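Working notes, structure below.
Protein chains: 4
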Amino acid sequence: MDDVVIRTLEKVTLRDPILVEGLPGVGNVGKLAADYLRDQLPAKPLATIYSKFFPPQVYVSEEGIIRLVSNDLSYWRAPAAAQHDLLILGGDYQGISPEGQYEITERVLDYCHALGVREVFTLAGFAQGRVVEEPRVLGAATNAARVELMKKFSVVFSRNDPGGGLIGASGLFLGLGRLVGMEGVCLMGETSGYFVDPRSAEAVLKVLARVLHLDLDFTALQSKAKEIDRIAQKIHEAEQHSGESGTPGAPSARDDLGYIG
Amino acid sequence: MDDVVIRTLEKVTLRDPILVEGLPGVGNVGKLAADYLRDQLPAKPLATIYSKFFPPQVYVSEEGIIRLVSNDLSYWRAPAAAQHDLLILGGDYQGISPEGQYEITERVLDYCHALGVREVFTLAGFAQGRVVEEPRVLGAATNAARVELMKKFSVVFSRNDPGGGLIGASGLFLGLGRLVGMEGVCLMGETSGYFVDPRSAEAVLKVLARVLHLDLDFTALQSKAKEIDRIAQKIHEAEQHSGESGTPGAPSARDDLGYIG
Amino acid sequence: MDDVVIRTLEKVTLRDPILVEGLPGVGNVGKLAADYLRDQLPAKPLATIYSKFFPPQVYVSEEGIIRLVSNDLSYWRAPAAAQHDLLILGGDYQGISPEGQYEITERVLDYCHALGVREVFTLAGFAQGRVVEEPRVLGAATNAARVELMKKFSVVFSRNDPGGGLIGASGLFLGLGRLVGMEGVCLMGETSGYFVDPRSAEAVLKVLARVLHLDLDFTALQSKAKEIDRIAQKIHEAEQHSGESGTPGAPSARDDLGYIG
Amino acid sequence: MDDVVIRTLEKVTLRDPILVEGLPGVGNVGKLAADYLRDQLPAKPLATIYSKFFPPQVYVSEEGIIRLVSNDLSYWRAPAAAQHDLLILGGDYQGISPEGQYEITERVLDYCHALGVREVFTLAGFAQGRVVEEPRVLGAATNAARVELMKKFSVVFSRNDPGGGLIGASGLFLGLGRLVGMEGVCLMGETSGYFVDPRSAEAVLKVLARVLHLDLDFTALQSKAKEIDRIAQKIHEAEQHSGESGTPGAPSARDDLGYIG
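Here you go:
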């Protein structure tokens, strides 16, 4: 078996497409944002990516139908007035080994390059280790011009964050992308790192929408954020009630948080 | 060395063969069922599968003779009136790394595809984390028609189970099978997950026998189940006796459980 | 880099050579035996085996000179009256991953096959988890004829030992050897499993010497065994003295044990 | 993707170049020394080495610009009177798996061999597990002549150190280097092993400078060493003050140590 198998579902020609990547990671911010973008535009299925660097796993739908874990590329044709169509990469997993991360990223980049992609936006969460009320969007880019451009969209470039660099797909798509002639930006929504964070995903997506002139309705994402708030509040009250605010309380409510999104 | 080596023991031509997979896993349900099926039909050795993705290990028989760990394909010629011959995949191990799982599964699927296989049944256990008196058989399938068909055989399709999907060979044979044009069903016998479970294997095999119109004698499997019951009963009594029903008691009897099957 | 690199040091033609394998493992029995055999015959260097499946490590001699970790094949020309020359495989490590074990073993077997090897003896320790005063030699073989032959040399074939089979090079050289047309025997010296065991190595080597009609002087190996006894005795006394016979005492003496051999 | 990708930045012809390797490791001694050497000469960028055996990571500069983790070769043209130009290998990481270490080392050695390298110096730290006031430089070499030569430069060849040999790039560049016809020396600066150690790097580099007739200014490295001393002193005082000299104190000051260098 090839290490990475990309199955094209539809042959398309795109106008200077931009790749937007959002895979599972910190607070699931990147995946939440990319999936939401795909559903809102909406984008259409373009290709499915299988790999032996994903877990040997199938998901089962509520109807009992199995599906091999994968990453997925969708495309969106922008209105005639716009310059760039979009490709959106989402999926179930990042590669589960370092080598797998490199292999999958390079194969997807090659595939996207052949479709004309020269610009990449990667979406991710940035764990602050504390509750973040108003998540800022931090940035990193492949060159100084993009840094300056992103600052105009209120993206924060911090001298110290992210201190250890970016680990995983969101960094690698930019780092390996440069080697094949792509430039790009990573947008990182601040998040606690403790649970899935639709509010951080919204912050990231709002920046992206302004940069790419996309008109998105955020209502559904905001509902999801409120649902999380409601559960978090329950946990807080349960902890207050039990007088153990510093220790885990109400595990059942807390457990819910991991499954939303 | 090739990653996966398949040694054909006999060249055969089969009529629209169906593949039945049962490898070690939860409660050893899949392996118990597949081995029992092979012995009862009986099926004949067709090919041996070696791989560097299995442990570097040989087994030693009671006579002192070594055998490299492997998976094994057997075949059974159905009576003239029947439509499908059978291929049965059993063995000592599943691949011990994610990549290994993918590689072995794909190589075996390719081999079976060349023999004409277009339909796969995978057999497995489903861990409930509690004693299961009357194991139900849960299902997952590659398409809606098979889901409906299986429901007629009392296979349970639960909205929530298996929640995290299927991990390992039983899922992968269906997930990768679809990519090479095979359809199929996974039959999962409920089991505690704490020890080998011939009763769950019997439940799974009874469904399969009805679906495939096989006439099987379950006496030996039922004897094995009773032996397990007897040992479990001993453990229970030992625990009662020592007044520590919640803690491990009678380790020697308990240890036996792991080796039966 | 090739996964396994075999550097031939001398081109030789051998008469129906038999391969004797002894690599690091339980009690270092196999390695002690193979190294002692090589030194006593003495055998001459034939080839050096490097692999990326060994640790990325060099050893430094007392003179300060480095040497990349390796396995090593030596050869010994038997007297004219004898039928079989010998090849001896020793070395610093077994492959450190399952795949590595398979790859290295198969490459070495292919190399030896080309030199005419059709018979393999693998030497190993068998951990009993208790002090063994008079180590027996347990056996496993590739066919019934060899089992019967070995019984004549007092090799013990136990119905239950080794229960879990053989893991590592000593099993794999037989298991993979059969796939390329070699037959063979594994000789396992009983040992505690707690420290290196020259006495067990002697027991193994005495069987091998009788089988292969080799005339070996065991004096040096027996001296080494007595040295171990002396240190073990010291530890025992220290423990008695401190009244903590069940807990570790005299760590410095105990530490010595790991470095002898 | 190739396992190791070497991107040449400038095509150069060098006079009998010597390779100096210094990658992250114990006390970061090798990397500190190699980076300092590169900056002082100064050496110019020659090639960048990417690999899927490095972590899937990008670093972000203070300006917000990303860079894929890599190793880097620089070159320095020696004055006309000298015999040898220099190649310096530094970088962010060693390969993160044993196989990766072998693959990267061999690919870099091949590349350097093609540039004419026949001699290698590897720089490393040697952990003593205690504070080292005046770090000695220990050595290991590929042959006796080099051992004797290094002794003249006060390099210590100890019968027992390093007892377990050298693990990682500094050993492997010599061990694999010999297989492609290179000779060389490993210079190991004694260090505590607890934090980055510019003083040990200075000791190593002073030996190298004398051997290679390099005229280096050590002021900046000495400043860095004094900064470490100052922080270590603070920690010591904090521990004295709190009366817990044996336990960790002043974690904030102690934390600083890990980030310097």
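Residue numbers (the working numbering), protein chains in the order written: chain A, 68 to 328; chain B, 68 to 328; chain C, 68 to 328; chain D, 68 to 328. Note that CB positions come from ideal geometry on N, CA and C, so glycine has one too. Remember, predicted model here, so these are calculated numbers, not experimental data.
Bridge partners of A/S141, per DSSP? Taking the first sequence and counting its residues from 1, one reaches residue 141 of chain A at position 74. For A/S141, which the question treats as bridged, DSSP gives the partners A/P112 and A/I155.
Range covered by the beta strand (DSSP E) that runs through D/I132: Within the fourth sequence, residue 132 of chain D is the residue found at index 65, counting from 1. In the DSSP assignment, D/I132 falls outside any beta strand (DSSP E), carrying neither H nor E.
Counted within 10 angstroms of its Cβ, other Cβ atoms place A/K78 as buried (16 or more) or exposed: Position 11 of the first sequence, counted from the first residue, corresponds to residue 78 of chain A. Classification of A/K78: exposed, given that the 10 Å Cβ count is below 16.
Taking just the CA atoms, how far does C/G92 sit from B/V87? Taking the second sequence and counting its residues from 1, the one referred to as residue 87 of chain B is at position 20. Taking the third sequence and counting its residues from 1, the one referred to as residue 92 of chain C is at position 25. Whole-angstrom Cα-Cα distance: 39 angstroms.
Residues of the region 204 to 223 of chain A with a CB closer than 7 angstroms to any CB of chain D: list them in chain order, please. Flagged, chain order: G206, A207, A208, T209, N210, A211 and V214.
Boundaries of the alpha helix (DSSP H) in which D/A191 is found, first to last residue: The residue given as residue 191 of chain D occupies position 124 in the fourth sequence. First-last for D/A191: E186 to A194, but that is the beta strand (DSSP E), not the alpha helix (DSSP H).
Measuring straight from C-alpha to C-alpha, what distance separates D/L281 and D/R185? Translated into the one-based positions of the fourth sequence, residue 281 of chain D becomes position 214. Translated into the one-based positions of the fourth sequence, residue 185 of chain D becomes position 118. If I take the Cα positions, the gap works out to 19 angstroms.
How would you write the range of the beta strand (DSSP E) that B/G162 sits in, first residue to last? Walking along the second sequence from the start, residue 162 of chain B turns up at place 95. Taken as a continuous stretch (DSSP letters only), B/G162 belongs to no beta strand (DSSP E), as it is neither H nor E.
When you compare the CB positions of C/P112 and C/S137, do they come within less than 8 angstroms of one another, or not? Here residue 112 of chain C refers to the residue found at position 45 when the third sequence is read from its first residue. Here residue 137 of chain C refers to the residue found at position 70 when the third sequence is read from its first residue. Cβ distance not < 8 angstroms, so C/P112 and C/S137 don't count as in contact.
Checking contacts by CB at 8 angstroms: is D/P165 closer than that to chain A? Translated into positions along the fourth sequence, residue 165 of chain D becomes position 98. Answer no: the Cβ-Cβ gap between D/P165 and chain A never drops below 8 angstroms.
Anticipated Cβ contact below 8 angstroms, C/T209 with C/E250, distance rounded: On the third sequence, position 142 is the one that residue 209 of chain C refers to. On the third sequence, position 183 is the one that residue 250 of chain C refers to. Contact flag correct, Cβ pair sits at about 5 angstroms.
Do three or more CB pairs link the region 120 to 133 of chain A to the region 231 to 240 of chain B at distances below 8 angstroms? Judged by Cβ distances under 8 angstroms, the region 120 to 133 of chain A makes contact with the region 231 to 240 of chain B, as three or more pairs qualify.
In the DSSP assignment, what residue or residues form a beta bridge with A/R74? By one-based count along the first sequence, residue 74 of chain A stands at place 7. For A/R74, which the question treats as bridged, DSSP gives the partners A/T115.
Say whether chain D places a C-beta atom closer than 8 angstroms to the C-beta of C/E130. Position 63 of the third sequence, counted from the first residue, corresponds to residue 130 of chain C. Chain D, which has a Cβ nearer than 8 angstroms to the Cβ of C/E130, makes this yes.
The beta strand (DSSP E) enclosing C/L279, as first and last residue numbers: Translated into positions along the third sequence, residue 279 of chain C becomes position 212. Not the beta strand (DSSP E): C/L279 falls in the alpha helix (DSSP H), residues P265 to L279.
Taking the continuous alpha helix (DSSP H) assigned at B/M249, which residues delimit it? Reading the second sequence from its first residue, position 182 is the one you call residue 249 of chain B. It is not in any alpha helix (DSSP H) - B/M249 carries neither H nor E in the DSSP assignment.
Closer than 9 angstroms, Cβ to any Cβ of chain B: which residues of the region 104 to 119 of chain A, in chain order? Under the 9 angstroms Cβ criterion, the region 104 to 119 of chain A contributes Y117, S118 and K119.
Buried or exposed, going by whether 16 or more other CB atoms sit within 10 Å of the CB of C/A110? Along the third sequence, one-based indexing puts residue 110 of chain C at 43. With 16 or more other Cβ atoms within 10 Å, it is buried.
From D/D284 to A/G260, what distance separates their C-alpha atoms? Here residue 284 of chain D is taken as the residue at index 217 of the fourth sequence, counted from 1. Here residue 260 of chain A is taken as the residue at index 193 of the first sequence, counted from 1. For D/D284 and A/G260, the distance between alpha carbons rounds to 46 angstroms.
Please go through the same chain and pick out, in chain order, the residues whose beta-carbon is closer than 6 angstroms to the beta-carbon of C/R321, but skip the five residues on each side of it. One-based indexing of the third sequence puts residue 321 of chain C at position 254. Low per-residue confidence applies at C/R321: pLDDT is 47, beneath 50, and the placement is therefore not dependable enough to give any value.
Quick check: is the beta carbon of B/Q168 nearer than 8 angstroms to any beta carbon in chain C? Here residue 168 of chain B corresponds to residue number 101 of the second sequence, with the count starting at 1. No, no contact with chain C.
CA-to-CA distance, B/G89 to B/R105, given in whole angstroms: As a working note, residue 105 of chain B is residue 38 in the second sequence. As a working note, residue 89 of chain B is residue 22 in the second sequence. Distance between the alpha carbons of B/R105 and B/G89: 10 angstroms.
Report the rounded CA-to-CA distance for D/Y103 versus D/G97, giving the unit in angstroms. Along the fourth sequence, read from residue 1 onward, the residue named residue 103 of chain D stands at position 36. Along the fourth sequence, read from residue 1 onward, the residue named residue 97 of chain D stands at position 30. One C-alpha to the other measures close to 10 angstroms.
Same chain, Cβ closer than 6 angstroms to A/L108, neighbours up to 5 away in sequence not counted: Numbered from 1 along the first sequence, position 41 holds the residue referred to as residue 108 of chain A. The residues are W143.
Going by other Cβ atoms of all chains shown within 10 Å of its Cβ, with 16 needed for buried, is C/N95 buried or exposed? As a working mapping, residue 95 of chain C is identified with position 28 in the third sequence. Buried: at least 16 other Cβ atoms inside 10 Å.
Could you give the distance in angstroms between the alpha-carbon of B/G316 and the alpha-carbon of C/S225? On the second sequence, position 249 is the one that residue 316 of chain B refers to. On the third sequence, position 158 is the one that residue 225 of chain C refers to. Any reading at B/G316 needs caution, since the residue's pLDDT is 38, under 50, leaving its predicted position unreliable; the model's value is listed next. So the two alpha carbons sit approximately 30 angstroms from each other.
Roughly how many whole angstroms lie between the Cα atoms of B/G325 and A/A114? Within the second sequence, residue 325 of chain B is the residue found at index 258, counting from 1. Within the first sequence, residue 114 of chain A is the residue found at index 47, counting from 1. Residue placement at B/G325 is poorly supported in this model, since its pLDDT is 42, which falls under 50; the coordinates still yield a value, given next. For B/G325 and A/A114, the distance between alpha carbons rounds to 45 angstroms.
Does any C-beta atom of chain D lie closer than 8 angstroms to the C-beta of C/I133? Here residue 133 of chain C refers to the residue found at position 66 of the third sequence. So, interface residue.
Which residues does DSSP pair with A/I234 in a beta bridge? The count along the first sequence starts at 1 and reaches residue 234 of chain A at position 167. Under DSSP, the beta-bridge partners assigned to A/I234 are D/Q124.
Strictly below 7 angstroms CB to CB, what residues from chain A border B/G196? As a working note, residue 196 of chain B is residue 129 in the second sequence. Here the premise fails: no neighbours, minimum Cβ distance about 16 angstroms.
Hey, how far is the Cα of C/E311 from the Cα of C/G192? Walking along the third sequence from the start, residue 311 of chain C turns up at place 244. Walking along the third sequence from the start, residue 192 of chain C turns up at place 125. Because the pLDDT at C/E311 is just 47, under 50, the model does not fix this residue reliably, and the point stays unresolved.
Beta-carbon separation of B/I163 and B/I116 under 8 angstroms? For the purposes of this step, residue 163 of chain B is taken as residue 96 along the second sequence, with counting starting at 1. For the purposes of this step, residue 116 of chain B is taken as residue 49 along the second sequence, with counting starting at 1. Between B/I163 and B/I116, the C-beta gap is not smaller than 8 angstroms, which leaves the two residues out of contact.
Please compile the residues from chain A whose C-beta is within a distance smaller than 7 angstroms of the C-beta of D/M68. As a first step, residue 68 of chain D must be located in the fourth sequence, where it is residue number 1. Near D/M68 (Cβ distances below 7 angstroms), the residues of chain A are Y169, E170 and E173.
Determine the burial state of B/A236: buried for a count of at least 16 other Cβ atoms within 10 Å of its Cβ, exposed for fewer. Position 169 of the second sequence, counted from the first residue, corresponds to residue 236 of chain B. B/A236 is buried by the Cβ-count criterion.
Could you give the first and the last residue of the continuous alpha helix (DSSP H) run that contains A/E306? Taking the first sequence and counting its residues from 1, the one referred to as residue 306 of chain A is at position 239. Element bounds for A/E306: T286 to H308.
Thinking C-beta only, is B/L239 closer than 8 angstroms to B/C253? What you label residue 253 of chain B is simply residue 186 of the second sequence in a count that begins at 1. What you label residue 239 of chain B is simply residue 172 of the second sequence in a count that begins at 1. No, the pair does not count as a contact, with Cβ atoms beyond the cut-off.
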